[in-house]
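Residue numbers (mature numbering (1 follows the signal peptide of the UniProt record, and there is no 0)): -27 to -1, 1 to 152.
By construction, the Cβ of each residue, glycine as well, lies at the ideal position given by its N, Cα and C atoms.
None of these values were measured; they are calculated from a predicted model.
Here the structure comes first, spelled out in structure tokens, and everything after it is commentary.
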């Protein structure tokens, strides 16, 4: 077998082992984290645009950070889980930005000569924008789930996970089809 086939087999074995031995179900569990990571990896292999891949990788990074933050029993800082999520996002998305970046430009011609603030071409890193959007969606999904639970008075099994994946799927479809 080729080296890439062995690495894919090894990665698949690790993911299956993580899914086979889950711990207690939390808002950001290993299943959510692995699902977001696999979705980003699959999107990259399929040639999906940089905005969508960034969205999925940003979501993966924040889900991983929130999950790891819940594993630390003692709280050393206020907002420790959020700081761990931000650190996870920074150490995941920013290094991958050089490998998976996709750029677009916006020309603004409102006033003044070219080169002034209101008459210039701005370059936008779609991967980074997608990473920010994905992070926000995963961070807000449990809050949205709690809002629905309070409003309806009950929950459905795996409600938080369903909402997280539905938001990511909807945002991915919009970013892929619009951009």
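* To do: With residue 136 as the anchor, note down where its alpha helix (DSSP H) starts and where it stops.
  => 132 to 151
By how many angstroms is the C-alpha of residue 49 removed from the C-alpha of residue -4? Reliability of the predicted coordinates at residue -4 is poor, the pLDDT of 43 falling under 50, and the value obtained from them is presented with this limitation in mind. Roughly 23 Å between the two C-alpha positions.
Environment of residue 78 [buried if 16+ CB atoms lie within 10 Å] = exposed
_For residue 74, which residues in the same chain have their Cβ closer than 7 Å to its Cβ, ignoring the five residues on either side in sequence?_
23, 98 and 100
Length of the line joining the Cα atoms of residue 82 and residue 57: 41 Å
* Asked: Helix, strand or coil: which one does DSSP assign to residue 49?
  -> coil
query = DSSP puts residue 124 in a beta bridge; with which residues?
reply = DSSP lists no partner for residue 124.
Q) Near residue 136, what residues of its chain come up, given a Cβ to Cβ distance below 7 Å and the 5 sequence neighbours on each side ignored? A) 114, 117 and 118
ask   = Taking just the CA atoms, how far does residue 86 sit from residue 42?
value = 50 Å
Per DSSP, which residues does residue 77 bridge with? Please list them. DSSP lists 97 as the bridge partner or partners of residue 77.
Practice problem: Assign residue 62 to one of two classes, buried (16 or more other C-beta atoms within 10 Å of its C-beta) or exposed (fewer than that). | Solution: buried
### Task
For the alpha helix (DSSP H) containing residue 154, list its first residue and its last residue.
In the structure displayed, the chain extends from -27 to 152; residue 154 sits before or after that span and is not available.
What does residue 153 pair with, by DSSP beta-bridge criteria? Because the chain is modelled from -27 through 152, residue 153 falls outside the range shown and cannot be assessed.
| Counted within 10 angstroms of its Cβ, other Cβ atoms place residue 25 as buried (16 or more) or exposed | buried
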